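Undergrad: I'd like to ask some things about the structure below.
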Amino acid sequence: MRKTTFILPIVFIAIVGLLSSIFIVDERERALVLQFGRVVAVKEEPGLAFKIPVVQEVVRYDDRILSIDVQPLEVTPLDDRRLVVDAFARYRISDLEQFRQAVGVGGIPVAEDRLDRILRAETREVLGSVSSRDILSSDRAALMLRIRNSAIAEARALGVTVIDVRLKATDLPQANLEATFDRMKAEREREATDERARGNEAAQRVRAQADRTVVELVSDARREAEITRGEADAERNAIFAEAYGADPEFFEFYRSLTAYENALQGGNSSLVLSPDSDFFNYLSSPTGRKTPAAAASE
């Protein structure tokens, strides 16, 4: 009974010690075995590993490619046109011991803070050596490669490898953006004013040409009408002359009827004439012919 009392705690402690000495390294991570803060082993292969319980501890780090968003920063290219650059980078922990020495117990957050400062400095230096047109053109890929290559050397002291750097956005500052929009708006308004002026000028030319065409057409029409009217009057006079020559008395009668029609227009016409006036010669004749007195007077 006394043996069992002593053996069971020992077995329990042995089991607990054995379990606490075993740890598993996941395939997505790597681990450091520390003893009193000093690195004694680096576990890079996935699987089971061992450590001394209590004395040693395991610190795990992600072995995958990690991403970091660089805080937006203002850069001033060679043409003094300020730009706000938003970028991100991909990196990987390449040297666990160097990484531990560089960041200490802070781990990845401290490393990303220092890496952010490195990327910001390299981005400002590279983009400050070119013009804004180069940044916004197809040369952008070469500039990102330059930033990455410069950051690789700086980040090596952290035990990390910068794999890629990308510029997500390159915009004007808000104040400059509003000024640019105002300038663009003013330019478009000026262009619209010029277009309206040219349109009014073209409209004036079209209207002037149309008015000239109208005057020419009306003048031609009036000339043709006068010619036609003159030819008709001449033809009428010729007909009258021929009719007068064929039957003078009928012609005189016709002219009298025309005079009556013109003089007695409307329903309440009045004429004041002497009784022996020749105007009503044909009306006062019982035969409808000119009276002998009128004929004798002629």
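When you line the sequence shown up against the numbering used here, it's residues 662 to 959, in that order. Beta carbons are placed, not taken as given, at the ideal position from N, Cα and C, and that holds for glycine. Please read all numbers here as calculations on a predicted model, not as lab measurements.
I'd like the span of the beta strand (DSSP E) that includes VAL771, first residue to last.
TA: Premise fails: VAL771 lies in the alpha helix (DSSP H), 768 to 788, not in any beta strand (DSSP E).
Undergrad: With burial defined as no fewer than 16 other Cβ atoms inside 10 Å of the residue's Cβ, what is the status of VAL791: buried or exposed?
TA: Its Cβ being crowded by 16 or more others within 10 Å, VAL791 is buried.
Undergrad: For SER811, which residues in the same chain have their Cβ closer than 6 Å to its Cβ, ignoring the five residues on either side in sequence?
TA: GLU783
Undergrad: Helix, strand or coil: how does DSSP classify ARG689 here?
TA: coil
Undergrad: For ALA830, which residues in the same chain have their Cβ closer than 7 Å to its Cβ, ignoring the five residues on either side in sequence?
TA: ASP747
Undergrad: Smallest Cα separation from VAL961: which of ALA710, ASN898 and ASP756?
TA: Any question about residue 961 goes unanswered here, given that the chain covers just 662 to 959.
Undergrad: Which of the three DSSP states is assigned to GLU959 in this structure?
TA: Low confidence applies to GLU959: its pLDDT is 49, below 50, so where it sits in the model is not reliable, and the reading given next is rough at best. GLU959: coil per DSSP, three-state reduction.
Undergrad: Based on DSSP bridge pairs, tell me the residues matched to SER684.
TA: Note that residue 684 corresponds to Phe in the displayed sequence, not to Ser. ALA710, per the DSSP bridge assignment.
Undergrad: Can you say whether ILE888 is buried or exposed, counting buried as having 16 or more other CB atoms within 10 angstroms of its CB?
TA: exposed
Undergrad: Considering only C-alpha positions, which residue in the set ILE796, GLN717, PHE760 and ALA763 is nearest to ASP740?
TA: ILE796
Undergrad: Can you give me the start and stop residues for the alpha helix (DSSP H) that ALA818 sits inside?
TA: Neither: ALA818 is in no alpha helix (DSSP H) and is coded neither H nor E.
Undergrad: Would you identify the three-state DSSP class for PRO909, choosing helix, strand or coil?
TA: Here PRO909 sits in helix by DSSP.
Undergrad: Which term fits GLU688, buried or exposed, when burial requires 16 or more other beta carbons within 10 angstroms of its beta carbon?
TA: It is exposed - the Cβ of GLU688 has fewer than 16 other Cβ atoms within 10 Å.
Undergrad: Grouping DSSP H, G and I as helix and E and B as strand, with all else coil, what is SER880?
TA: helix
Undergrad: So, with DSSP's three-state summary, where would you put PHE749?
TA: Looking at PHE749 - three-state DSSP - the assignment turns out to be strand.
Undergrad: Measuring alpha carbon to alpha carbon, tell me which of GLN732, PHE760 and TYR722 ends up nearest ALA750.
TA: GLN732
Undergrad: Using a 10 Å radius around the Cβ and a threshold of 16 neighbouring Cβ atoms, would you call GLY820 buried or exposed?
TA: buried
Undergrad: Taking LEU757 as part of the alpha helix (DSSP H), name the residues at either end of that continuous run.
TA: Going by DSSP, LEU757 is part of the alpha helix (DSSP H) stretching over 757 to 764.
Undergrad: Using three-state DSSP, classify LEU727 as helix, strand or coil.
TA: strand
Undergrad: For ARG742, which residues from the same chain have a beta carbon less than 7 Å from its beta carbon, with the 5 sequence-adjacent residues on both sides left out?
TA: SER793
Undergrad: Taking the DSSP output, what are the residues bridged to VAL719?
TA: VAL719 pairs with VAL694.
Undergrad: Kindly list the residues whose CB is nearer than 8 Å to the CB of ALA899, restricted to its own chain and excluding five residues on each side of it in sequence; keep chain order.
TA: none
Undergrad: What is the rounded straight-line gap between the Cα of ARG781 and the Cα of ARG827?
TA: Straight-line Cα distance between these residues: approximately 12 Å.
Undergrad: Using the C-alpha atoms, what's the distance from ALA858 back to ASP825?
TA: 54 Å
Undergrad: Am I right that ILE779 and ALA816 are in contact with their C-beta atoms under 8 Å? What's the rounded C-beta distance?
TA: 6 Å
Undergrad: Please say whether ILE729 and LEU776 have beta carbons closer to each other than 8 Å?
TA: yes
Undergrad: If contacts are defined as beta-carbon pairs under 8 Å, then GLU705 and ARG721 qualify, I think. What distance do you get, rounded to the angstrom?
TA: Their Cβ separation, rounded to whole angstroms, is 12 Å, which puts GLU705 and ARG721 out of contact at 8 Å.
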